[in-house]
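Data first, discussion second: the structure below is written as structure tokens.
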Amino acid sequence: MNSPSDQDPDAFATPPRGWLRATIVALMAMVFVGAAIGFVGFLSQLRAVEVNPSSKADGIVVLTGGSSRVSDAMELLAGGYGKRLLISGVHPTNAASDISRSLPDNQSLLGCCVDLDRSAVNTRSNAAETRRWARERGFKSLIVVTSNYHMPRAIVELSHAMPDIELIPFSVIGEKWRDEPWWTSGATLRLLLSEYVKYVAAEVRVRLADLGLELSPEIVDRSTGSQASPRTAAAN
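Numbering (this note's numbering), first residue to last: 1 to 236.
Now the structure itself:
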């Protein structure tokens, strides 16, 4: 009878590399499937057509950075959907006159009912500045104006900053979105994938913050909430 020392050493060896490789592949597949399902869920939140808000609100906030956002927000203000409008994320060098030149039909509203926020540099700071603006005026409801692909993340950040304020989304649909399906445009697909990653990061950060785990470094948001160049801010 063989002693333990005479037994085959391979019987106590670590699992073969093939098993480890299969485990890694399976985990990667699960992550990929989960990300794909999440991306589909993200896409399901995006409106394909512009729909007027279901109700009026105390105020309107528009997050700069996308085509026609400001002009659409001005139309809502002119239509009586809110008492005042906050344009959040205006470049520091932009004056009200720069915006007024691009919106000649709304001169009176710009003079009486529009506030400019030049402090916000991303969606998270958009939310902080909007909270300050809304609380100073005692607003309890806001219409949020931004591009359809940016709306899910904007609502995450704004609702986290202002849980006591009702948010009514108004999604702006860009021309490219209207002209061709997103899956036929490489640029649009890259934009959506990038926004999806930022949306997931915002969701994770907000959920951790709710548990008392505040992450100090902010996710940089160049595509939507950053301070636009003077030309971009005036043209939106």
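C-beta: ideal position from N, C-alpha, C; glycine also.
Would you tell me roughly how many angstroms separate the C-alpha atoms of Ala228 and Pro163, rounded to the nearest one? The predicted position of Ala228 is uncertain, since its pLDDT is 42 and thus under 50; a value taken from the coordinates is nonetheless stated next. Cα to Cα, Ala228 sits roughly 27 Å from Pro163.
Cα-Cα separation, Lys56 to Arg190: Between Lys56 and Arg190, the alpha-carbon positions lie close to 35 Å from each other.
Quick test of the definition: if touching needs 3 or more C-beta pairs under 8 Å, does the segment 59-75 touch the segment 172-183? Segments in contact, yes.
Quick one: Cα of Ile60 to Cα of Arg21, how far? One C-alpha to the other measures close to 53 Å.
If you count every other CB in all the chains shown that lies within 10 Å of the CB of Phe32, and 16 or more means buried, which is it? Burial check for Phe32: the Cβ neighbour count within 10 Å stays below 16, so the residue is exposed.
Classify Thr184 as buried or exposed, calling it buried when 16 or more other Cβ atoms lie within 10 Å of its own Cβ. Result: exposed.
Pairing CB atoms from the segment 145-163 with CB atoms from the segment 118-125, are three or more of them under 8 Å? Contact between the segment 145-163 and the segment 118-125 is present, because at least three Cβ pairs lie under 8 Å.
For Leu116, which three-state DSSP category applies? Reduced to three states, the DSSP call for Leu116 is strand.
Could you have a look at Leu193 and say whether DSSP puts it in helix, strand or coil? Correct three-state label for Leu193: helix.
Return the first residue and the last residue of the alpha helix (DSSP H) that Thr23 is part of. Arg17 to Ser44 is the span of the alpha helix (DSSP H), which, as asked, contains Thr23.
Per DSSP, Glu166 forms a beta bridge with which residues? DSSP output for Glu166 lists Ser141 as bridge partner(s).
Could you check where the beta strand (DSSP E) with Ile60 kicks off and where it finishes? Looking at the DSSP string, the run of the beta strand (DSSP E) that includes Ile60 is Gly59 to Leu63.
What residues match up with Arg207 in a beta bridge as DSSP calls it? Arg207 is not bridged to any residue.
Using the C-alpha atoms, what's the distance from Pro53 back to Leu39? The sequence as given places Phe at residue 39; Leu does not occur at that position. Between Phe39 and Pro53, the C-alpha separation is close to 26 Å.
Proximity below 9 Å, CB of Gly66 to CB of Thr146: When the beta-carbon positions are compared, Gly66 and Thr146 come within less than 9 Å of each other.
Of the residues Asn94, Glu50 and Leu77, the one placed nearest Leu86, counting alpha carbons only: Minimum Cα-Cα distance from Leu86 among the listed residues Asn94, Glu50 and Leu77 corresponds to Leu77.
Val172 by DSSP, collapsed to three states: which one? In this structure, Val172 counts as strand in the three-state DSSP scheme.
Assign Val49 to buried or exposed, taking buried as 16 or more other Cβ atoms, counted over all protein chains shown, within 10 Å of its Cβ. It is exposed - the Cβ of Val49 has fewer than 16 other Cβ atoms within 10 Å.
Arg69: first and last residue of the uninterrupted beta strand (DSSP E) it sits in: Following the DSSP letters along the chain, one finds Arg69 in no beta strand (DSSP E) but inside the alpha helix (DSSP H) bounded by residues Arg69 to Ala78.
Report back the beta-carbon spacing between Asp115 and Arg84 to the nearest angstrom; my notes put them in contact at under 8 Å. By a beta-carbon distance limit of 8 Å, Asp115 contacts Arg84. Their separation comes to about 6 Å.
What is the rounded straight-line gap between the Cα of Ser141 and the Cα of Gly82? Approximately 9 Å, taken between the alpha carbons.
Contact under 9 Å by Cβ, Asn148 with Leu46: Cβ atoms of Asn148 and Leu46: closer than 9 Å.
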